[in-house]
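There are 2 protein chains.
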Amino acid sequence: MSPTPGPSFRVTALDTYDIRFPTSRELDGSDAMNPDPDYSAAYVVLRTDATDPAGAPDATTGLEGHGFTFTIGRGNDVQVAAIDALRSHAVGRSVDELCDDPGSLFRDLIGDSQLRWLGPEKGVMHMAIGAVVNAVWDLAAKRARKPLWQLLAEAEPEWLVRQVDFRYITDALTPEEALELLRRGKEGADERRARLLERGYPAYTTSPGWLGYGDEKLTRLAAQAVADGFRQIKLKVGADLADDVRRCRVARSVVGPDIRMAVDANQRWNVDEAIRWVKALAEFEPYWIEEPTSPDDVLGHATIRKAVGPVKVATGEHVQNRIVFKQLLQAGSLDVLQIDAARVGGVNENLAILLLAAKFGVPVCPHAGGVGLCELVQHLSMFDYVALTGTTEDRVIEYVDHLHDHFLDPVVIREGHYTAPTAPGFSATMRPESIAQYTFPGGTFWAADLDRKDGQAA
Amino acid sequence: MSPTPGPSFRVTALDTYDIRFPTSRELDGSDAMNPDPDYSAAYVVLRTDATDPAGAPDATTGLEGHGFTFTIGRGNDVQVAAIDALRSHAVGRSVDELCDDPGSLFRDLIGDSQLRWLGPEKGVMHMAIGAVVNAVWDLAAKRARKPLWQLLAEAEPEWLVRQVDFRYITDALTPEEALELLRRGKEGADERRARLLERGYPAYTTSPGWLGYGDEKLTRLAAQAVADGFRQIKLKVGADLADDVRRCRVARSVVGPDIRMAVDANQRWNVDEAIRWVKALAEFEPYWIEEPTSPDDVLGHATIRKAVGPVKVATGEHVQNRIVFKQLLQAGSLDVLQIDAARVGGVNENLAILLLAAKFGVPVCPHAGGVGLCELVQHLSMFDYVALTGTTEDRVIEYVDHLHDHFLDPVVIREGHYTAPTAPGFSATMRPESIAQYTFPGGTFWAADLDRKDGQAA
Chain C
118 MSPTPGPSFR VTALDTYDIR FPTSRELDGS DAMNPDPDYS AAYVVLRTDA TDPAGAPDAT
178 TGLEGHGFTF TIGRGNDVQV AAIDALRSHA VGRSVDELCD DPGSLFRDLI GDSQLRWLGP
238 EKGVMHMAIG AVVNAVWDLA AKRARKPLWQ LLAEAEPEWL VRQVDFRYIT DALTPEEALE
298 LLRRGKEGAD ERRARLLERG YPAYTTSPGW LGYGDEKLTR LAAQAVADGF RQIKLKVGAD
358 LADDVRRCRV ARSVVGPDIR MAVDANQRWN VDEAIRWVKA LAEFEPYWIE EPTSPDDVLG
418 HATIRKAVGP VKVATGEHVQ NRIVFKQLLQ AGSLDVLQID AARVGGVNEN LAILLLAAKF
478 GVPVCPHAGG VGLCELVQHL SMFDYVALTG TTEDRVIEYV DHLHDHFLDP VVIREGHYTA
538 PTAPGFSATM RPESIAQYTF PGGTFWAADL DRKDGQAA
Chain R
118 MSPTPGPSFR VTALDTYDIR FPTSRELDGS DAMNPDPDYS AAYVVLRTDA TDPAGAPDAT
178 TGLEGHGFTF TIGRGNDVQV AAIDALRSHA VGRSVDELCD DPGSLFRDLI GDSQLRWLGP
238 EKGVMHMAIG AVVNAVWDLA AKRARKPLWQ LLAEAEPEWL VRQVDFRYIT DALTPEEALE
298 LLRRGKEGAD ERRARLLERG YPAYTTSPGW LGYGDEKLTR LAAQAVADGF RQIKLKVGAD
358 LADDVRRCRV ARSVVGPDIR MAVDANQRWN VDEAIRWVKA LAEFEPYWIE EPTSPDDVLG
418 HATIRKAVGP VKVATGEHVQ NRIVFKQLLQ AGSLDVLQID AARVGGVNEN LAILLLAAKF
478 GVPVCPHAGG VGLCELVQHL SMFDYVALTG TTEDRVIEYV DHLHDHFLDP VVIREGHYTA
538 PTAPGFSATM RPESIAQYTF PGGTFWAADL DRKDGQAA
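Chains as they are written, first to last, in the numbering used here: chain C, 118 to 575; chain R, 118 to 575.
Next up, the structure:
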């Protein structure tokens, strides 16, 4: 006699939301390429008929997986349309099978040959895949009643290797090498987990340095950052060299010589221009130059890096996939690799990128900010520390203090460190009232905004 | 007294259409990565209130510009949504200003910082920009009453240089170098134009070699290709090595030693796999190996090229933008550069890519086929011949004999050559009855197909 089968829970719906915050009104997030971003999320909820282990006995909804792509306003509707195009791959799938092997959906999405034509593995369609894949990992971690970093850190190396797509990267990293890295990562993991829970993971802050802020605000926020315990700040540069010289001087004089000061050009320059500009800022001892040129330019970054040392070269928030990261590492283009939780194909592809970085010995300092990127990416760095590279040396997660209140499990920063999340999941769940308010264009905020504009026009 | 202003014509609408052809039913277009494509177009029409110089006196519509993105089925709706997101940039613009400087809209679209976040300059959003930009060039050529290749070939070098965005490529090509190349291209252009009109531009054909075709069909179509005057054919490979060996043997025995036989793996392999596989096919003397691995892998292509010579390495149909092409040239990754008319940011970006190829002395052999790609890309090669590189040596445009009848000005192949178009425009205009029939899902073909399926299910 076979055992009675358990309940066969399914994904019952994939729901999407176009959520936009009016951040451009305060010039939060302004930089040399993005003068007026409205931080937005193309948001996805995988609904299921599975019991939510954290739900109250009278819970009316099943277990859910939440994920999103971060955008900066216009085009968020296109991103939502791309996530909608993935619906048929997700709805109807077994919750148990998805949670046992999130890579199964990842492989199906990456392998849909008709959708692949729209990339391949880049841009709108790839970010949509990332949003859905991250929602599956949120579901899996909630079902396991663990924060995602812990689920990953406790997973068997063999299982983690099976979550990775090695296509196009075997010339830099084989499955056997990945397995070896993960097995070594297990040594001392328990001790590091205890240390992580006690001290957190180091952060740096970009809040003082937005390009649209005046010197007074820069001074005040830079001093505040040091007082708050951050050991690194970051300034946006690249629009005007004289301004950048002045702002770097102001910031350096406020934070003193011992605080690391990174600068970020947001892809503003050509290769020769980048070299010239960074050399002109060298007297202020920038720790790294971030996104000096196009994220597609592997060889350009290598040229820049050779020319601007000891200033380090950092990039990654716009790097489209593991294949470009592979080459940035092969060509020696990077001192610092900046993963983004929601640009590539979700946790599965970020596992490949973390493994590549570990193989090449390049520290990962994630990009964050935007909407919910801090909430997501902390899990990946914490896994990397506990169960892969085993170190936080020269590693920091970006921190920006915007929009966290819209999440049910917002990041907590203490003395310049991310506190390790303990709630189950990927910290991706937005508050229902925030969704209701900022859904575009029908949410209560935007509807009222439209009424206001109509009133002014009348 | 100022002169009376002329009529100020405007773009009055940007209309989009989701058009899909059921090509998967015959396995046309099948390859190692795309087993069942439904060739599709995310189609855009810029409508204006300008008089159509080719229209009858009682014409009811104004001059129009047509463009499109080619996709292979699912996701064509996402691509349409991306084109829709560009509407506000185009509608209301002056027709004269657009036609005098198509780059003005190109720069605005590429420069929209919020939309740029969705790439940058890659994938769905970038292809949408290409479709709209190409529609502007169609409009400009129709208004000038010239086929696009002729408009480009007759343009002043200074004007062409202003159509190019040099951001991120100045380390490989400066505006001054581009100007010099174009000035040299003018020498002898009249003579070459006459020769082009007389003989056409060399083509090769992929029609025999689709992976889903049996040996009998391959034999028949390969013999037909030679009889039709083609000097090069292409076979899809990469799914099964024993099959590929057999098919290459069959094809080579049919066409003999003097016809070039290219093979195309459609990105199927990792780097080491590509090298192994191509070496196993070397006895059949393939002329080039196309898309041996990911189009993102600049360094991988360089490694493969070093290993598989004298077999040439070709790629480009999925290369996302001028920045990746620049690196493919810088790293010596390519023997043959394959532009695609509708993958990058339209004519403006393809001008940059043609100039880069000319600078590095690498022949351009465009990708075509799909829906309307032959119609578009012939114009770019013909411009390149008449007014840039001045040669067709080792240059061929791909030709596939599908779906041409849906266009008002379809390509004409004679003795293995593309005949130079003489009708004004970019040959991009689809027949209204084809649009009505194949619009998805409401067009007459798809509606009837749905009825048929409903009938079967009942």
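Glycine included, each C-beta is placed from N, C-alpha and C at the ideal position.
Given a cut-off of 8 angstroms on the beta-carbon distance, is the pair residue i and residue j in contact?
i         : j         : result
Gly487(R) : Phe187(R) : yes
Pro403(R) : Val372(R) : no
Arg309(C) : Tyr156(C) : no
Val241(R) : Ala199(C) : yes
Leu180(C) : Asp194(C) : no
Arg460(C) : Gly302(C) : no
Gln196(C) : Ala245(C) : yes
Arg377(C) : Gln349(C) : yes
Val415(C) : Leu445(C) : yes
Which residue wins for smallest C-alpha separation from residue i, given the options the options?
i         : options                                       : result
Glu515(R) : Arg279(R), Ala431(R), Thr556(R) and Val253(R) : Ala431(R)
Leu497(C) : Lys476(C), Asp457(C) and His534(C)            : Asp457(C)
Lys423(R) : Phe442(R), Val441(R) and Val388(R)            : Val388(R)
Ile136(C) : Gly426(C), Ala159(C) and Glu181(C)            : Ala159(C)
Asp288(R) : Thr323(R), Pro527(R) and Ile440(R)            : Ile440(R)
Leu398(C) : Asp413(C), Ala379(C), Val415(C) and Gln384(C) : Ala379(C)
Arg385(C) : Val461(R), Ile286(R) and Pro374(R)            : Ile286(R)
Asp522(R) : Met547(R), Asp169(R), Gly507(R) and Pro264(R) : Met547(R)
Ser324(C) : Gln573(C), Pro527(C), Val529(C) and His519(C) : His519(C)
Tyr330(R) : Pro152(R), Ala475(R) and Ile552(R)            : Pro152(R)
Leu226(R) : Leu313(R), Gly317(R), Glu466(R) and Lys259(R) : Glu466(R)
Cys482(C) : Thr133(C), Ala469(C), Lys476(C) and Met499(C) : Met499(C)
Pro319(R) : Gln554(R), Pro374(R) and Glu510(R)            : Glu510(R)
Asp218(C) : Pro541(C), Val253(C) and Leu328(C)            : Val253(C)
Thr508(R) : Leu268(R), Gly192(R), Gly317(R) and Val528(R) : Gly317(R)
Would you kindly work out how many angstroms separate the C-alpha atoms of residue i and residue j, rounded to a whole number?
i         : j         : result
Glu304(C) : Arg366(C) : 44 angstroms
Ala149(C) : Ser411(C) : 13 angstroms
Asp360(R) : Ala261(R) : 51 angstroms
Met118(R) : Trp266(R) : Bear in mind that the predicted position of Met118(R) carries a pLDDT of just 40, short of 50, making it unreliable; the figure below should be weighed with that in mind. Rounded to the nearest angstrom, the two C-alpha atoms are 40 angstroms apart.
Lys351(R) : Gly184(R) : 27 angstroms
Lys570(R) : Val161(R) : 30 angstroms
Asp357(R) : Arg364(R) : 11 angstroms
Asp332(R) : Glu143(R) : 15 angstroms
Gly182(C) : Arg224(C) : 18 angstroms
Ala504(R) : Val453(R) : 20 angstroms
Gly560(R) : Asp255(C) : 40 angstroms
Pro237(R) : Leu290(R) : 21 angstroms
Asn251(C) : Val212(C) : 14 angstroms
Tyr555(R) : Thr539(R) : 27 angstroms
Using a beta-carbon distance below 8 angstroms, is residue i in contact with chain C?
i         : result
Ala431(R) : no
Tyr160(R) : no
Tyr321(R) : no
Met98(R)  : Residue 98(R) falls outside the range modelled here, since chain R spans only 118 to 575, and no answer is possible.
Ala199(R) : yes
Residues bridged to residue i by DSSP?
i         : result
Pro154(C) : Looking at the DSSP assignment, Pro154(C) forms no beta bridge with any residue, so it has no partner.
His206(C) : In DSSP, His206(C) forms no bridge with anything.
Pro264(R) : Gly542(R)
His534(C) : Pro319(C) and Arg531(C)
Asp132(R) : Val162(R)
Using 8 angstroms as the limit for Cβ to Cβ distance, is residue i near chain R?
i         : result
Gly507(C) : no
Val441(C) : yes
Asn251(C) : no
Asn465(C) : no
Trp563(C) : no
Asp135(C) : no
Gly147(C) : Just to set this straight, residue 147(C) is Ser in the shown sequence, not Gly. No, Ser147(C) lies away from the interface with chain R (no Cβ there is under 8 angstroms from its Cβ).
His418(C) : no
Lys239(C) : yes
Met578(C) : As displayed, chain C neither begins before 118 nor continues past 575, which places residue 578(C) out of reach and without an answer.
Is any heavy atom in the ligand ZN found nearer than 7 angstroms to the beta carbon of residue i?
i         : result
Ala419(C) : As for the ligand ZN, it is missing from this structure, which has no ligand bound.
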